[in-house]
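Numbering-wise (UniProt numbering), the sequence shown opens with residue 1 and increments by one.
The C-beta atom is built at its ideal place from N, Cα and C for all residues, glycine as well.
Report on one structure; see the data block that follows.
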Amino acid sequence: MKYSWRQRPVENQALWCHILEKLMVFNLINGYMVEAKWCHEGYIPTYDEYKVNGIFTSCFPLFITAFIGFGEFATEETFDWISSDPNIIQAASIIGRVLDDMASHKFEQQRVHVASAVECCMKQHGISEAEAYYFIHNDVKDCWKVINEEFIQSNDISKSVLEFVVNLARISEASYENHQDKYTHGELLKDYISSLLLDPLSLDLDE
């Protein structure tokens, strides 16, 4: 469910950000309520239906809005852009949602839980779990094509904002690589963090 963030004119950038953040929180809560309804009713949506709702439950639109609220990024044009549901944000959000699902769905399905992207894909297409993984990974590849195209062609939005969107998708790739939930099991990210913060690459070209 979408509501316009321009319900009343505002002049202050902080108010623009506050109004849009409230909208994104509303969309996130509404997405969770949709999932709760599906779970309560034992309903398994189609994979396509699940992805639409998953854009919000990925939390990416909320994260991006919070980032935009900082400094020079908080402009009326940028808020208009994010509220238009641009393809790059949709694609990054889908990547985050489905990669998370592939890493965590087996544990989640051991208890009462909403169907994940994997179960939805299996049901919609009548395929096995392994085939669903293959299908979803191809979907992720298509999302990356959208992200790369939008990043190159978007000239009206700050590259710093676009890079933040891209980096969210990159974080998902690292956090859920090989269907491992490194977000929940933080110890699996130890080597990534060490290489990033403790073991910098040498810039000595003579080595």
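Rounded C-alpha distance that separates residue i from residue j
i: Glu35; j: Leu201; result: 44 Å
i: Leu28; j: Tyr50; result: 14 Å
i: Phe73; j: Phe79; result: 9 Å
i: Gly31; j: Tyr47; result: 15 Å
i: Trp5; j: Glu77; result: At Trp5, the pLDDT of 47 sits below 50, so the modelled position is not reliable; the number obtained from the coordinates is stated separately. Distance between the alpha carbons of Trp5 and Glu77: 13 Å.
i: Met24; j: Asn167; result: 19 Å
i: Glu129; j: Thr75; result: 44 Å
i: Ser154; j: Gly42; result: 41 Å
i: Asp85; j: Leu197; result: 34 Å
i: Gln110; j: Asp156; result: 46 Å
i: Ala132; j: Cys120; result: 9 Å
i: Ser195; j: His185; result: 18 Å
i: Met33; j: Val114; result: 11 Å
i: His18; j: Phe26; result: 12 Å
i: Lys159; j: Ile152; result: 9 Å
i: Lys2; j: Glu187; result: Only weak support is given to the placement of Lys2: the predicted model assigns it a pLDDT of 49, under 50, and the value that follows is read from those uncertain coordinates. Going by the C-alpha atoms only, they are around 38 Å apart.
i: Thr57; j: Asp139; result: 18 Å
i: Asp199; j: His137; result: 31 Å
i: Glu177; j: Asp191; result: 13 Å
Check whether residue i and residue j have beta carbons under 9 Å apart
i: Ile64; j: Ile44; result: no
i: residue 252; j: Ser93; result: Any property of residue 252 remains undetermined from this structure, which presents the chain solely from 1 to 207.
i: Ala174; j: Leu189; result: yes
i: residue 210; j: Ile147; result: No answer is possible for residue 210: the residues shown for the chain start at 1 and end at 207.
i: Cys39; j: Val112; result: yes
i: Phe107; j: Asp181; result: yes
i: Ala91; j: Trp144; result: yes
i: Glu150; j: Ile88; result: yes
Nearest candidate by alpha-carbon position, reference residue i, set the options
i: Lys141; options: Lys182, Val112, Ile29 and Ala169; result: Ala169
i: Val52; options: Gln109, Phe107 and Ser116; result: Ser116
i: Glu21; options: Glu41, Met33, Lys37 and Pro61; result: Pro61
i: Leu99; options: Ala132, His179 and Gly186; result: His179
i: Met102; options: Ser172, Ile19, Asp199 and Ile193; result: Ser172
i: Gly96; options: Tyr192, Asp199 and Tyr183; result: Tyr183
TODO: Output the residue ranges of the beta strand (DSSP E) runs that lie fully inside the stretch 21-52 and measure 3 residues or longer, sorted by chain position.
DONE: Assignment of beta strand (DSSP E) within the stretch 21-52, counting only whole runs of 3 or more residues, yields no such run.
- [ ] Taking 8 Å as the threshold, find out whether the stretch 62-69 comes into contact with the stretch 124-144 through three or more Cβ pairs.
- [x] Taking a contact to require three or more Cβ pairs closer than 8 Å, the stretch 62-69 and the stretch 124-144 do not qualify as touching.
Open item on the list: Restricting to runs no shorter than 4 residues, where is the alpha helix (DSSP H) found entirely within the stretch 66-121?
Closed with: Taken in chain order, the unbroken stretches of alpha helix (DSSP H) that lie wholly in the stretch 66-121 and span 4 residues or more are 76-83 and 87-108.
Task: Every unbroken alpha helix (DSSP H) inside the stretch 159-196 [4 residues or more] - done: Residue ranges of uninterrupted alpha helix (DSSP H) with 4 or more members, entirely inside the stretch 159-196 and ordered along the chain, are 159-175 and 190-193.
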